[in-house]
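FYI, numbering that gives the first Met the number 0 numbers position 5 of the sequence shown as 4, with every residue one higher than the one before it. Even glycine gets a Cβ: it sits at the ideal position worked out from N, Cα and C. Every value quoted in this text rests on a predicted model; they were computed, and no experiment measured them. Here is the structure we will look at, set down as structure tokens.
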Amino acid sequence: MPRPAVRSVTAMSDASTTPEQDDPTGGDEGTENQLDADNAVEEDTLKALDPNDSPA
Numbered sequence: 000m001p002r003p004a005v006r007s008v009t010a011m012s013d014a015s016t017t018p019e020q021d022d023p024t025g026g027d028e029g030t031e032n033q034l035d036a037d038n039a040v041e042e043d044t045l046k047a048l049d050p051n052d053s054p055a
């Protein structure tokens, strides 16, 4: 049975942008424009889902 490919730490920490990071949150611009946070928890959730926001 072949071993699955393993990505190196260097490859996983690559800071270059990917095409997915240019995608609007929620899948399209209409949805992205409708996403509003009512409180701090929702703001954090939307940040986590935002493909344009760099990871911590």
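query                                                                                                          : result
Asp27 to Val40 span [Cα, whole Å]                                                                              : 22 Å
Span of the alpha helix (DSSP H), counted from its first residue to its last, around Asn32                     : 28-33
For Ala47, the three-state DSSP class (helix, strand or coil)                                                  : helix
Own chain partners of Asn38 with C-beta closer than 8 Å, once the 5 adjacent residues on each side are dropped : none
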